[in-house]
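A short worksheet on the structure shown next.
Number of protein chains: 4
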Amino acid sequence: MSGGIGVSSSVTGATDVRTIGVGMLGYAFMGKAHANGYRTLPYMAWPPPLFPRLVSIAGRNEAAVAEAAGRFGFERYVTDWHELVADPEVELFDNSGPNNLHGEPTIAAAEAGKHGFCEKPRGRTADESYEIWQRVDAAGVKHMTAFNYRFVPAVRLAREMLEAGELGEIHSFRGQYLQEWGSTTDDAWRFHQDAAGSGALGDLGAHVIDLARYLVGELTGISATTRTFMPEREVDDAFQAVAEFEGAAIGTFEATRFAPGRKNALSWEINGSKGSLSFDLERLNELQHSDGTKGFRTILVSEADHPFWRWWWPHGHMIGWEHTFVHEIHLLLDAIARNEDVAPHGATFEDGYRAAEVCDAVLRSAESRRHEPITYR
Amino acid sequence: MSGGIGVSSSVTGATDVRTIGVGMLGYAFMGKAHANGYRTLPYMAWPPPLFPRLVSIAGRNEAAVAEAAGRFGFERYVTDWHELVADPEVELFDNSGPNNLHGEPTIAAAEAGKHGFCEKPRGRTADESYEIWQRVDAAGVKHMTAFNYRFVPAVRLAREMLEAGELGEIHSFRGQYLQEWGSTTDDAWRFHQDAAGSGALGDLGAHVIDLARYLVGELTGISATTRTFMPEREVDDAFQAVAEFEGAAIGTFEATRFAPGRKNALSWEINGSKGSLSFDLERLNELQHSDGTKGFRTILVSEADHPFWRWWWPHGHMIGWEHTFVHEIHLLLDAIARNEDVAPHGATFEDGYRAAEVCDAVLRSAESRRHEPITYR
Amino acid sequence: MSGGIGVSSSVTGATDVRTIGVGMLGYAFMGKAHANGYRTLPYMAWPPPLFPRLVSIAGRNEAAVAEAAGRFGFERYVTDWHELVADPEVELFDNSGPNNLHGEPTIAAAEAGKHGFCEKPRGRTADESYEIWQRVDAAGVKHMTAFNYRFVPAVRLAREMLEAGELGEIHSFRGQYLQEWGSTTDDAWRFHQDAAGSGALGDLGAHVIDLARYLVGELTGISATTRTFMPEREVDDAFQAVAEFEGAAIGTFEATRFAPGRKNALSWEINGSKGSLSFDLERLNELQHSDGTKGFRTILVSEADHPFWRWWWPHGHMIGWEHTFVHEIHLLLDAIARNEDVAPHGATFEDGYRAAEVCDAVLRSAESRRHEPITYR
Amino acid sequence: MSGGIGVSSSVTGATDVRTIGVGMLGYAFMGKAHANGYRTLPYMAWPPPLFPRLVSIAGRNEAAVAEAAGRFGFERYVTDWHELVADPEVELFDNSGPNNLHGEPTIAAAEAGKHGFCEKPRGRTADESYEIWQRVDAAGVKHMTAFNYRFVPAVRLAREMLEAGELGEIHSFRGQYLQEWGSTTDDAWRFHQDAAGSGALGDLGAHVIDLARYLVGELTGISATTRTFMPEREVDDAFQAVAEFEGAAIGTFEATRFAPGRKNALSWEINGSKGSLSFDLERLNELQHSDGTKGFRTILVSEADHPFWRWWWPHGHMIGWEHTFVHEIHLLLDAIARNEDVAPHGATFEDGYRAAEVCDAVLRSAESRRHEPITYR
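Residue numbers (the numbering used here), protein chains in the order written: chain A, 2 to 378; chain B, 2 to 378; chain C, 2 to 378; chain D, 2 to 378.
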């Protein structure tokens, strides 16, 4: 062709990469974030491991789910999630629904042969999370818990530095997830025991717990206090805990929805024998590192020769919160394409279960006023 | 429907919003950023003012442009930009090419009735920029210069605060755009006089100049120095200037590609009789404000009841650099849909020309060693 | 006098302000800091409540204490602290010695009628601290524990804001004191159980505990873990705890000497129903405040109309760590001059005892693996 | 001695270090800062090069100067500065008076054989500063201009890094000194042409100019704008300039008293071929450094093995603004003791003159609207 016109592969579909049909349960905050991930992935992480095809989306409110389908680009919508499970074109079941809809649909989908991607916390209790993990795993499909903060470039870089031994032996961890909207008098499923399981603990604290496990290692015991500041609210508004890791490390864990001025402040610091790392989600493009000889250095994560970065922009051109989902979905699709697990960088349903064990131990300790050992089945 | 399956409007196309066909020249860094903008806009800013339809993309390297077409989702590709101009389905001509391709194609497209969206700086000189503006404007189409940093939420918020008089009378401005990659020995069109017009001045400095005009007001004169640190390089590596605005305000302007550690550091500060604002693109979700009674407060821009924010995520969930293009394209499509100009928040081709006049004055002053008045035609 | 020469009151001594004779035990780090406080106070906080007269300093190493006496301006030196107690010109006994010398000399001095100013932690245990408090108080003299961080202007300002109700009901506190030098193989009294009582807990953690009590209120119970990372070291290198305050507030407490990159990082944050405050000693001139409607504002403490500030420099001219002792000694001398207690802003020996009770509960909980109630005698 | 009592050398005066008699003109802000320097030096920088003896202080208001004498510890006071010049016990003449009293008294003192320490800017014009330098230097005494910011540990460390070539070839400098109090309607000598010479330029800008010379090198030309925002004020409220250094480096210079929220914000950044440094006086214990491979690292200056630090506290224990004078006076006394010049780290009267030449060129350029070459006599 010289000066002529070519037909794009986006029309012919003639590529070497096969597609994967996605069915999604839920279309609120998390549904939007996941949908954006599927849509952005193919042209950013080019070529994608699989082309996501947005097949069907489920929600109980027909007008709302119909709008979501049009908006996010799903081919069809359903008002009963069983239709997703029955849909042969759905190969990946994305559960972005509330916590009380994490179990049954995810298991049913897995047993129908669909891979599972589920919002955290896996279940409302360790028991429920354990059952989900066991049954989905037994079904032989791939599974991932949406602990998306593992996919902040700064967090992945921290993990790589830790694995490479750059921090030496780890001595302490401190992690908090602080938000400020807890005094709202609006109702939401997040405030109900039945739907949510717990409050700040499962919603925010589970992220801190997963990051501690991802970055430092397994937890062996915990002492905790919980508080509900709003009268008549069923779930915790805040918790604080001190925990022990395998080995010598200790850590503080905290989440609250009552920290005015803290919008979405997930922060952590790790101190090791050779250095320290610290991170704040409100400045998510930055990782702070000290090698112990001098003060902290700001690593603008784009500067690193980093697996995620080549997808995006020249260095210094910041990415946002939503991009964590693009990275996460990429890993999941890649695992499916290669028939491998999402571990170690992706959180499996086992990781979801293990975080739930820690959450349960937090609640037990708050009740027993004792240090509670954490044991995994 | 009860438990049934509905067909999404993303399949039927049955919506009230009409489409607009986009033709793009260029598929490198800026082409990718613009393409992402068109693709993200419809589901984030729902409903969009117009649905962008990615019709055709032009580039000289056929293999590369074919891949770009598939990747970004253009229906077809061409290796001669004249095809875009001749294409009746192209209604908006997006010029993401190098500076020496800003003039002729943009004018030709406008005279073929296509709206114009062009990367900055508009032309390589004030003369060229003036001609582009005059001829495109005479063609009666809408036009916008891609000064995307006007569309950082913090910048828009600053503009709104300034318009509302919250800073009082403006006394001083200081703006810098610092990058660190200038010592590269790689070649690029950005280093050639013919293709680029100028170096750091037009590439980075033009953004500072546009923001100064957008936030503070029109410039009346400037004294400047330029430097080329790399032997045999044709364009400036850095410039520094002190300028005067209409009224009493004065300002420093600077851009360099030789600031190690500064990845993409576009920063500015404005001091007025009632307060100060400051901003740093490396922390683009933050605006610093002092009302003069106390120190600076960090406004996490997501906290504000802000026109852009409702599109995205709950507050504290950070957005990235690329989102500026989503905001910018939204304004352009909205202007086209309403048959209005993109001013005042969008930069027209006149704004592109005016920035070019300032750039020319910088070069004149560096030569004459005098304060050079800035006059607009 | 016209153009003549006057004799200064610094020579004639003719002022309305009487002197107070100071005897000091110890001449190392803390002795130097206190000596500087006495010397700086009179001309900064003019007129001082009393003129400190540096009468005598005690230390076991004669060459060293003789040099210290000359250097710091004491009139004489002794190698046995009993001489200080016996010295009729010593009216204020300043105990800057190691922890195991806090008890007997301070009690003896008090019973000889000398006011007591003693480094924290008061005693090595709650029992010892209780006895010191009781016997000194019974002697009828004034007493102050050197919790100098109450006298950082930012901390005092925080207390005033809290007292004024600006933060509403307090929900959570988190405080850490992080240092990095713990892996030293040098020996020091701070590493010996006998001399120090505890390690990071008493040395650093006691400050966090005192600030929590000063800012938020009394503690009622605590769950804690301690760690000794250096083999064969007798005292803790780190502790972490979660505690409960009277009322609904909860708090995390931590101290470590194993945080590379953290030089002297005493930091805390308080979240209340109406706002949040946070502080970091490495930026001691700044207090961060959010009123809950927007993000955090940096209060450069010099800007406030603040009781300490008039002594120093125009606003924005930063003060240093050592100035906390000037503020603290001023309060003590003022209390002595007015025959009043140093409470509430100064820490009495009762405050020293109460902090020791909390430290003891930390050690008990680390042993019992239970939440330990804190009761005061 | 065993358990006995020794008489301190602070009483006997029996030391190997001789004293130097200080006579001071002025007792306001700067007089207080210098007095504190003389008083603190001997016990912090032990042993001092010379023991300062505060002999006499001069001021026109007798009541005020008498109080200052008592407060700061001068032995006597005079109401006519000629008495200081005539006083044989005054060996060092410290001129902390207003700018219009910098010339005649300093010259008279030098010609009476007294060393000279004078507040900046040396004189109100380059001519006056030149004459002071020439005549004092001809008198054969030591002389130092109080450019105290050279003595911030971070600044000294920066200078050492620059001298060692750690930044490579210097490309750009940007320096600002921003304050906020300019809109006051109070009168002060600083606002009068006669007393002050210039406004923000001489008061604040002179510091920026001196630091640029100290850190980067000699200036060869400048283009500038000045502004007076307050009607009827005689001196400039702000200036901005772009300057050229010997070699290829360029720099922006600015000072203003009209920057709300900026208390005492002297900040600068230097970009070289191998790295960058930046500094902000509002965080004076920190130096930011990038070696060009990664982002900026915070050097808490106390961490460095630094000439000033051994005088003070363990690392991380911050020092304040006033300590710059202690460092500065130490250098001066050391130079006198060794019979050497204060250069290169201290600013001589020649440096004061050279800064005045730059200030004059700023005013000339603001008038001529041209780039003004800077030539030194």
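Ideal Cβ positions, reconstructed from N, Cα and C, are used throughout, including at glycine.
- Among the CB atoms of chain D, one or more fall inside 9 Å of the CB of Asn272(B).
- With respect to the C-alpha of Cys360(C), the residue from Asp204(C), Ala65(C), Ala196(C) and Gly117(C) having the closest C-alpha is Asp204(C).
- Phe309(A) and Leu102(B) have their C-alpha atoms spaced approximately 32 Å apart.
- With respect to chain D, the C-beta atom of Arg298(A) has a partner C-beta closer than 9 Å.
- The continuous beta strand (DSSP E) containing Met25(C) extends over residues Thr20 to Leu26.
- DSSP places Arg371(D) in the strand class (E or B) of the three-state scheme.
- Close to Ile21(C), with beta-carbon spacing below 7 Å, lies no residue of chain D; the smallest spacing is near 18 Å.
- Residue pairing for Gly222(C): DSSP places it in a beta bridge opposite Glu245(C) and Pro374(C).
- Taking C-beta atoms as the reference points, Ser173(C) and Phe254(A) fail to come closer than 9 Å.
- Partner residues in the beta bridge of Gly252(B), as assigned by DSSP, are Phe174(B) and Ala244(B).
- Using a 10 angstroms sphere on the CB of Asn62(C), the tally of other CB atoms stays under 16, which defines it as exposed.
- With respect to chain D, the C-beta atom of Tyr150(C) has no partner C-beta closer than 9 Å.
- Restricting attention to beta strand (DSSP E) runs no shorter than 3 residues, the stretch 79-134 of chain D encloses them at 93-96 and 116-119, ordered along the chain.
- In this structure, the alpha-carbon of Gly347(A) lies about 13 Å from that of Lys121(A).
- In summary, Ala165(D) is exposed, with fewer than 16 beta-carbon neighbours lying within 10 Å of its beta-carbon over all protein chains present.
- Using a CB distance cut-off of 9 Å, Glu167(A) does not count as an interface residue toward chain D.
- In the three-state reduction of the DSSP assignment, Gly71(A) falls in the helix class.
- Buried is the label assigned to Glu283(A), since at least 16 other Cβ atoms lie within 10 Å of its Cβ.
- Counting C-beta pairs with one atom in each stretch, the stretch 366-377 of chain A and the stretch 26-43 of chain B have fewer than three that are closer than 8 Å, which means they do not touch.
- Under the three-state reduction of DSSP, Glu287(C) is assigned to strand.
- By the Cβ-count criterion, Arg378(B) is exposed, with fewer than 16 other Cβ atoms from all chains shown falling within 10 Å of its own Cβ.
- It is roughly 14 Å from the alpha-carbon of Trp82(D) to the alpha-carbon of Gly117(D).
- Bounds of the alpha helix (DSSP H) holding His208(A) are Ala207 to Leu216.
- Runs of the alpha helix (DSSP H) lying entirely within the stretch 305-347 of chain C and spanning at least 4 residues, in chain order: 324-339.
- With fewer than 16 other beta carbons inside 10 angstroms of its own, Glu247(C) counts as exposed.
- Here Ala64(C) is exposed: its Cβ has fewer than 16 other Cβ atoms, across all protein chains shown, within 10 Å.
- DSSP, read as helix, strand or coil, puts Asp238(D) in coil.
- Closest in C-alpha terms to Ala225(B), from the list Ala213(B), Gly218(B) and Phe240(B), comes Phe240(B).
- With respect to the 9 Å criterion, Ala344(B) and Pro50(B) are not classified as neighbours on the basis of their beta carbons.
- Pairwise C-beta distances place the stretch 39-59 of chain A in contact with the stretch 85-93 of chain A, as three or more of them are shorter than 8 Å.
- Only residues of its own chain outside the window of five on either side were considered, and among them Gly183, Gly200, Ala201, Arg228, Thr229, Phe230, Met231, Thr257, Arg258 and Phe259 have a CB closer than 7 Å to the CB of Asp238(B), listed in chain order.
- Beta-bridge annotation (DSSP): Thr227(C) is paired with Phe240(C).
- Here DSSP, grouped into helix, strand and coil, assigns Asn37(C) to helix.
- For Asp195(D), the uninterrupted alpha helix (DSSP H) segment begins and ends at Gln194 to Ala197.
- Here Pro261(D) is buried, its C-beta having at least 16 other C-beta atoms within 10 Å.
- Trp269(A) has Gly176(A) and Phe280(A) as its beta-bridge partners, per DSSP.
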